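Here is the structure we will look at.
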Amino acid sequence: MIPARWPREEPLRERLLHVDPRSGSLRDARVSDLPEILRPGDVLVVNDAATLPGSLQGRGPGGAPIEIRLVAALPRDSFRAALFGAGDWRIPTERRDPPPPLRIGDALHFAADLRATVERISEVSPRLVDLRFDSEGAALWSRLYAIGRPVQYSYAQAPFELWHVQVGYGSRPWAAEMPSAGRPLRWDLLLALRRRGTKLVPLTHAAGLSSTGDAALDAALPLPERFEIPQATAEAVAAARAEGGRIVAVGTSVARALEGAALQGGGMLRACSGETDLVIGPGYRAKVADGLLTGVHEKSQSHYALLHAFAGGDLLERASAHAEANGYLSHEFGDSWLILQCSGLRPFATGDAGKARSAES
């Protein structure tokens, strides 16, 4: 897959591959076609977590260069963080220098008025640590926003600003990386969906890192992540269920939050908050979400494994081959898939591929 290297100017014109698990059909569309694909009574669930300025450059013991990438906020102004050595986002994570060896109690310095102390080193990898900053509350958050940068990877063409990696409805800064499936959902599209009777409801999920380059740590991804399901969202899902509407999760983080919350609630989605360690993959049967709006994922990613809860492996292989052959772009600024059973839509036919390429050029 070719990654999208920068935000595009017309998100509603971005490509959308509709994957129908019932018929096995593939249909090329645009993000702007969502109001025609979804039905009145359907519920679109989004992750309203804002993206943290989670990458901080600093110095470790002895002045060794170090980068931390914040993974999750913890109590008492602490954070879980992944560590990197010298370098920045321009170097692929798997080629980054390792961080200097750290011990509990070591101090990391990020600015004259901001430092953090290592409180815990994970058994998963010495590159995953819990840090406690020496600032608190608003003062800490002000410093993080002043010196932190968005987490990004080497396929990008230039440094991201924080506004590049925010969804339009973002609220609390919980996400280590942008919940990117919702990125192209501009307000005019959301209003069009609402006018047609599709309901939009939020939850908040602390989307974590996609990759660290450390084999042991990457094998453990996704790590446990916190979530919050509002009462109105639980009620909207229950009402749609009773009336025959479909629940569409916008992004793998929403699917994980919905399914994790339902498992903790005995199979029912209720208003709650907590942390889920659920890993969704082949063989998992979704209990809440009927469909998934997602970005285009590489088959090696844990995000792609989650897609198997919504469509069979053979269909996903065909969808991946079609997306690659027809120039769909991947990663956070890439194109989208909608995996959802639908009837009455024209299935993709072989002759459409040339039309799609012509429309894109």
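Letter by letter, the sequence shown follows residues -14 to 346 of my numbering.
We treat Cβ as the ideally placed atom computed from N, Cα and C, and that holds for glycine.
What you are looking at is a predicted structure, and each value in this text was computed from that prediction instead of being measured.
CA-CA distance, residue i and residue j?
| i | j | result |
| --- | --- | --- |
| R241 | L202 | 19 Å |
| E121 | D62 | 6 Å |
| A219 | Q137 | 33 Å |
| Q29 | L185 | The question names Gln, but residue 29 is Leu in the sequence shown. Going from the Cα of L29 to the Cα of L185 covers about 5 Å. |
| L206 | S196 | 8 Å |
| G47 | G39 | 23 Å |
| W148 | A66 | 22 Å |
| K284 | A97 | 43 Å |
| D337 | R303 | With a pLDDT of 39 at D337, under the threshold of 50, the modelled position of this residue cannot be trusted; read the value that follows with caution. Taking the straight line joining both Cα atoms gives about 15 Å. |
| F145 | A227 | 43 Å |
| E21 | A14 | 10 Å |
| L276 | D5 | First, the residue type needs correcting, since residue 276 is Gly and not Leu in the sequence shown. For G276 and D5, the distance between alpha carbons rounds to 10 Å. |
| R112 | G297 | 35 Å |
| S238 | P50 | 32 Å |
| L41 | P(-12) | 24 Å |
| L11 | D299 | 12 Å |
| Y140 | L314 | 12 Å |
| E213 | G153 | 19 Å |
| H190 | G167 | 13 Å |
| G155 | A34 | 5 Å |
| P164 | P77 | 21 Å |
| A344 | V222 | Unreliable placement is indicated for A344, whose pLDDT of 35 sits below 50; the coordinate value is still reported in the next sentence. Going from the Cα of A344 to the Cα of V222 covers about 37 Å. |
| C327 | L176 | 22 Å |
| R128 | L99 | 7 Å |
| A306 | G312 | 10 Å |
| R270 | H293 | 9 Å |
| L68 | P158 | 20 Å |
| F333 | I106 | Reliability of the predicted coordinates at F333 is poor, the pLDDT of 35 falling under 50, and no value is obtained from them. |
| S258 | W322 | 28 Å |
| V31 | P(-4) | 17 Å |
By the three-class DSSP mapping on this structure, what secondary structure does residue i have?
| i | result |
| --- | --- |
| E121 | coil |
| S196 | coil |
| V4 | strand |
| E(-6) | coil |
| E108 | coil |
| L37 | coil |
| S258 | strand |
| G339 | Reliability fails at G339, whose pLDDT of 35 lies under 50, so the model's placement of it is uncertain and the value that follows must be treated cautiously. Residue state, collapsed to three classes: helix. |
| W74 | coil |
| A97 | coil |
| A224 | helix |
| S127 | helix |
| V114 | strand |
| V150 | helix |
| A205 | helix |
| D92 | In the sequence under discussion, the amino acid at residue 92 is Ala, which differs from the Asp named in the question. Of the three classes helix, strand and coil, the one that applies to A92 here is strand, per DSSP. |
| A271 | coil |
| A(-11) | coil |
Span of the alpha helix (DSSP H) holding residue i?
| i | result |
| --- | --- |
| D173 | W172 to R180 |
| H307 | G298 to A310 |
| L291 | S287 to L291 |
| L434 | Residue 434 lies beyond the range of the chain shown here (-14 to 346); nothing can be said about it. |
| I22 | L19 to I22 |
I need the boundaries of the beta strand (DSSP E) containing residue i, first residue and last residue.
| i | result |
| --- | --- |
| L41 | S40 to R44 |
| A67 | S63 to F69 |
| A141 | Careful: A141 lies outside any beta strand (DSSP E) and carries neither H nor E. |
| A240 | Counting along the chain, A240 falls outside any beta strand (DSSP E), though it belongs to the alpha helix (DSSP H) covering T237 to Q249. |
| E213 | E210 to I214 |
| H190 | K184 to H190 |
| V30 | V28 to N32 |
| D13 | S10 to R15 |
| P50 | P50 to L59 |
| I265 | Where I265 is concerned, there is no enclosing beta strand (DSSP E), given that its DSSP letter is neither H nor E. |
| S321 | S321 to I324 |
| A161 | Counting along the chain, A161 falls outside any beta strand (DSSP E), and DSSP gives it neither H nor E. |
Answer with buried or exposed for residue i, where buried requires no fewer than 16 other C-beta atoms within 10 angstroms of its C-beta.
| i | result |
| --- | --- |
| Y130 | exposed |
| E(-6) | exposed |
| G182 | exposed |
| P374 | The first residue shown for the chain is -14 and the last is 346, placing residue 374 beyond what the model contains. |
| E244 | buried |
| I265 | buried |
| E(-1) | buried |
| P86 | exposed |
| I53 | buried |
| P25 | exposed |
| T335 | At T335 the pLDDT is 31, less than 50, meaning the model places this residue with poor confidence; the figure from the coordinates comes in the next sentence. It counts as exposed. |
| R231 | buried |
| Q216 | exposed |
| E162 | buried |
| Q151 | buried |
| A200 | exposed |
| G193 | buried |
Between residue i and chain B, is there a C-beta pair that is closer than 8 Å?
| i | result |
| --- | --- |
| L188 | The structure shown has no chain B; it contains just one protein chain. |
Please indicate yes or no: does the CB of residue i lie closer than 7 Å to some heavy atom of the ligand ZN?
| i | result |
| --- | --- |
| A161 | For the structure depicted, the ligand ZN is absent and the ligand set is empty, with no information on it obtainable. |
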